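**Q**
4 protein chains.
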Amino acid sequence: MNIHSKFETEMQVRPDDIDLFQHVHSSRYMDYVLAARYDQMARCYGMSWETFIQRGLGWYLTAITMNFLRPLGLGERFMVRTWIEEFLPDGDGVRVRFEIEKQATGKRCLNGHAEYKLINLATSRAIPIPEDIKSKYSI
Amino acid sequence: MNIHSKFETEMQVRPDDIDLFQHVHSSRYMDYVLAARYDQMARCYGMSWETFIQRGLGWYLTAITMNFLRPLGLGERFMVRTWIEEFLPDGDGVRVRFEIEKQATGKRCLNGHAEYKLINLATSRAIPIPEDIKSKYSI
Amino acid sequence: MNIHSKFETEMQVRPDDIDLFQHVHSSRYMDYVLAARYDQMARCYGMSWETFIQRGLGWYLTAITMNFLRPLGLGERFMVRTWIEEFLPDGDGVRVRFEIEKQATGKRCLNGHAEYKLINLATSRAIPIPEDIKSKYSI
Amino acid sequence: MNIHSKFETEMQVRPDDIDLFQHVHSSRYMDYVLAARYDQMARCYGMSWETFIQRGLGWYLTAITMNFLRPLGLGERFMVRTWIEEFLPDGDGVRVRFEIEKQATGKRCLNGHAEYKLINLATSRAIPIPEDIKSKYSI
């Protein structure tokens, strides 16, 4: 049972994302997920990346797992769906799940999960997520 | 006096496009121009990249000049405008002009021009642009 | 207990790998691992990527997990170490482990594992690893 | 007649540099040139990028022209040669020439030139090149 909202960002494959097998290069799927999280921070969670920076905070990616199910090709449109699975037990991070779907067919191309820690940019150390931020991310 | 149509593609900066100075990395502007041409081939000139490939043809970039006027930052939306300046004298290519404008302010970030040759993919050699393609590109 | 050889590839961070936090952008670590595997195929396992292609075969990445331990910065040299952990039970793939170490300090920056399936490029389907290839990868 | 020294940096194509035509993606040649300049700043001109940053200075690319002569492919080694053609008349920049050669054949793949302005990072404005830096770049 997932208790947190799922959010969607629609994107399109750029020619420079394509690799020698005519498909999206595998590391670019990761860039799509990161781009969707960036978009959703401001648009869905109501606190932009820039606002985090102004408060001296940033989300630092500590781990990611990706399963490649079906490739995307040149020019294809796709949906990146992400959601918070849980707040990490230490109180300083979140586990995010994600999936990418091809717009034309609705078929799944990628799924996986990532862990982010909240970092104090001045010290580069993880800190407990402040209550107001935790509240914004609890939707 | 420009006799060929100008076409526009709207795009947005992805986080992976940003460099250590917090601006779009300079080579990524080139990717934006290439992505806009790809988009405009199908949408504006009526002959997609894929159709070219099926006919055993491809556009090969032989030269590019870019002037960097003003940087784009994280998440910014921008317009890539491109148009054919002229068909090259040898009959096997086109000179394309382009410019990138920041959506929020309408200010110019980049301008420049590129030359593309039409290549027979089987031989990797430039060939005269067939009349039907020249006609599509003469709008 | 690891029974397969560990191989190393030394590389250096390129300026275009750096992100807005002045560190290597997270998806580029994945590119480093893929580049090291490419290098080690020819140099260490004795069968280059190109030879696979000529036989109509390719390794397709089906899953990857990466743990980000410590960032790399501009210009830093690093070692990418990879090794086969096991042949997958279905006989059509391998599980590879990898780690990245900073040359200047010997400190670990990244570790993780990936699964590759051997693909028949004509059908895009996984196939059993032929004995001669399995033998090369069993060192 | 060229009066400034030519410097060389050897590099190798990474798999993530390859595009759908099996060659290095055109914008990556630009990354190779920028990487070579970064390397040569410290190694050849005796003043590293990081030292510039510490003095509050940075080189900002204002224009580039590239001519694509012959493609590089997967795994190929190449030499990036760059040199200062002239100090710009306004005293705040340099014009750099560059060329890329395939190691295996010595054949030319790319040539071109770029203009860099010296920027005060605090104001983002071009400033006259200080005499000590001009002296280092006059070799």
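Chains as they are written, first to last, in the numbering used here: chain A, 1 to 139; chain B, 140 to 278; chain C, 279 to 417; chain D, 418 to 556.
C-beta: ideal position from N, C-alpha, C; glycine also.
Bear in mind that the values here come from a model prediction, so they are computed numbers and not experimental data.
Using a Cβ-Cβ cut-off of less than 7 Å, give me the residues of the stretch 23-42 of chain A that come near chain D, in sequence order.
**A** Here the close residues are H25 and S27.
**Q** When you compare the stretch 107-121 of chain A with the stretch 146-159 of chain B, are there three or more beta-carbon pairs, one atom per stretch, that lie closer than 8 Å?
**A** Short answer: they don't touch.
**Q** Report the residue from D:W466, D:L527, D:V450 and D:Q457 whose alpha carbon sits nearest the alpha carbon of I556 (chain D).
**A** The sequence position of residue 556 (chain D) within the fourth sequence is 139, counting from 1. Among D:W466, D:L527, D:V450 and D:Q457, the Cα nearest to that of I556 (chain D) belongs to D:Q457.
**Q** List the endpoints of the continuous beta strand (DSSP E) containing Y255 (chain B).
**A** Indexing the second sequence from 1 puts residue 255 (chain B) at position 116. First-last of the beta strand (DSSP E) with Y255 (chain B): R247 to N259.
**Q** Provide the residue(s) that pair with A161 (chain B) in DSSP beta bridges, ordered along the chain.
**A** Start at 1 with the first residue of the second sequence, and residue 161 (chain B) comes out as number 22. One detail in the question is off: residue 161 (chain B) reads as Gln in this sequence, not Ala. Looking at the DSSP assignment, Q161 (chain B) forms no beta bridge with any residue, so it has no partner.
**Q** Could you pull the start and end residues of the beta strand (DSSP E) that T262 (chain B) belongs to?
**A** By 1-based counting over the second sequence, the position of residue 262 (chain B) is 123. No beta strand (DSSP E) contains T262 (chain B), which DSSP labels as neither H nor E.
**Q** My parser needs the beta strand (DSSP E) runs of 3 or more residues fully inside the stretch 439-510 of chain D; what are they?
**A** Correct list: 474-485 and 494-504.
**Q** With a threshold of 7 Å between beta-carbons, can L249 (chain B) be considered close to chain C, or not?
**A** In the second sequence, counting from the first residue as 1, residue 249 (chain B) sits at position 110. No, no contact with chain C.
**Q** Around the C-beta of A521 (chain D), are 16 or more other C-beta atoms found within 10 angstroms, so that it is buried, or is it exposed?
**A** Translated into the one-based positions of the fourth sequence, residue 521 (chain D) becomes position 104. Classification of A521 (chain D): exposed, given that the 10 Å Cβ count is below 16.
**Q** Contact criterion: CB-CB distance below 7 Å. Does M66 (chain A) meet it with respect to chain C?
**A** One-based indexing of the first sequence puts residue 66 (chain A) at position 66. So, interface residue.
**Q** Indicate the three-state DSSP secondary structure (helix, strand or coil) for I129 (chain A) in the structure shown.
**A** By 1-based counting over the first sequence, the position of residue 129 (chain A) is 129. Here I129 (chain A) sits in coil by DSSP.
**Q** From F485 (chain D) to K136 (chain A), what does the alpha carbon distance come to, in whole angstroms?
**A** Residue numbering aside, residue 485 (chain D) sits at position 68 when the fourth sequence is read from its first letter. Residue numbering aside, residue 136 (chain A) sits at position 136 when the first sequence is read from its first letter. C-alpha separation (whole angstroms): 50 Å.
**Q** Can you say whether G232 (chain B) is buried or exposed, counting buried as having 16 or more other CB atoms within 10 angstroms of its CB?
**A** The residue given as residue 232 (chain B) occupies position 93 in the second sequence. G232 (chain B) should be labelled buried.
**Q** Should D155 (chain B) be flagged as near chain C, meaning a C-beta pair shorter than 7 Å?
**A** Position 16 of the second sequence, counted from the start, is the residue given in the question as residue 155 (chain B). So yes, D155 (chain B) belongs to the interface.
**Q** For Y316 (chain C) and L388 (chain C), which I take to be in contact (beta-carbon distance under 8 Å), what is that distance rounded to the nearest angstrom?
**A** In the third sequence, counting from the first residue as 1, residue 316 (chain C) sits at position 38. In the third sequence, counting from the first residue as 1, residue 388 (chain C) sits at position 110. In fact, because the Cβ distance is near 17 Å, the residues do not count as touching under 8 Å.
**Q** Rounded to the nearest angstrom, how far is the Cβ of G529 (chain D) from that of M483 (chain D), given a contact under 8 Å?
**A** In the fourth sequence, the residue the question calls residue 529 (chain D) occupies position 112. In the fourth sequence, the residue the question calls residue 483 (chain D) occupies position 66. Going by Cβ atoms, the distance from G529 (chain D) to M483 (chain D) rounds to 4 Å, so yes, they are a contact pair.
**Q** Run through chain D and tell me which residues come within less than 8 Å of G197 (chain B), C-beta to C-beta.
**A** Looking up residue 197 (chain B) in the second sequence gives position 58. Result: F438.
**Q** Do you know offhand how far W222 (chain B)'s Cα is from K145 (chain B)'s?
**A** What you label residue 222 (chain B) is simply residue 83 of the second sequence in a count that begins at 1. What you label residue 145 (chain B) is simply residue 6 of the second sequence in a count that begins at 1. For W222 (chain B) and K145 (chain B), the distance between alpha carbons rounds to 5 Å.
**Q** Excluding the five sequence neighbours on either side, which residues of its own chain have a C-beta within less than 6 Å of the C-beta of T540 (chain D), listed in chain order?
**A** On the fourth sequence, residue 540 (chain D) is found 123 positions in, with the first residue counted as 1. None.
**Q** In terms of residues, what are the limits of the beta strand (DSSP E) holding Q429 (chain D)?
**A** By 1-based counting over the fourth sequence, the position of residue 429 (chain D) is 12. K423 to Q429 is the span of the beta strand (DSSP E), which, as asked, contains Q429 (chain D).
**Q** Is there a Cβ from chain B that is less than 7 Å from the Cβ of L489 (chain D)?
**A** Translated into the one-based positions of the fourth sequence, residue 489 (chain D) becomes position 72. Not closer than 7 Å to any Cβ of chain B, the Cβ of L489 (chain D) fails to qualify, so no.
**Q** Would a check of beta-carbon distances place L505 (chain D) closer than 7 Å to chain B?
**A** In the fourth sequence, counting from the first residue as 1, residue 505 (chain D) sits at position 88. L505 (chain D) does not count as touching chain B.
**Q** Just the Cα atoms here: how many angstroms apart are E379 (chain C) and K385 (chain C)?
**A** Position 101 of the third sequence, counting from 1, holds the residue named residue 379 (chain C). Position 107 of the third sequence, counting from 1, holds the residue named residue 385 (chain C). Straight-line Cα distance between these residues: approximately 5 Å.
**Q** Roughly how many angstroms lie between the CA atoms of E377 (chain C) and E503 (chain D), to the nearest whole one?
**A** Along the third sequence, read from residue 1 onward, the residue named residue 377 (chain C) stands at position 99. Along the fourth sequence, read from residue 1 onward, the residue named residue 503 (chain D) stands at position 86. Going by the C-alpha atoms only, they are around 44 Å apart.
**Q** So, are the CB atoms of H440 (chain D) and G492 (chain D) less than 7 Å apart?
**A** Along the fourth sequence, one-based indexing puts residue 440 (chain D) at 23. Along the fourth sequence, one-based indexing puts residue 492 (chain D) at 75. No, the pair does not count as a contact, with Cβ atoms beyond the cut-off.
**Q** With a threshold of 16 other CB atoms inside 10 Å of the CB of T287 (chain C), please say whether the residue is buried or exposed.
**A** To locate residue 287 (chain C), count along the third sequence from 1; it is residue 9. Answer is buried; the Cβ neighbour count reaches 16.
**Q** Assuming A114 (chain A) and A35 (chain A) make a contact with CB atoms under 8 Å, what is their CB distance in whole Å?
**A** Translated into the one-based positions of the first sequence, residue 114 (chain A) becomes position 114. Translated into the one-based positions of the first sequence, residue 35 (chain A) becomes position 35. About 13 Å; that fails the 8 Å criterion.
**Q** Which bits of chain A does T340 (chain C) rub up against, with CB to CB less than 8 Å?
**A** Here residue 340 (chain C) is taken as the residue at index 62 of the third sequence, counted from 1. The contacting residues are N67 and F68.
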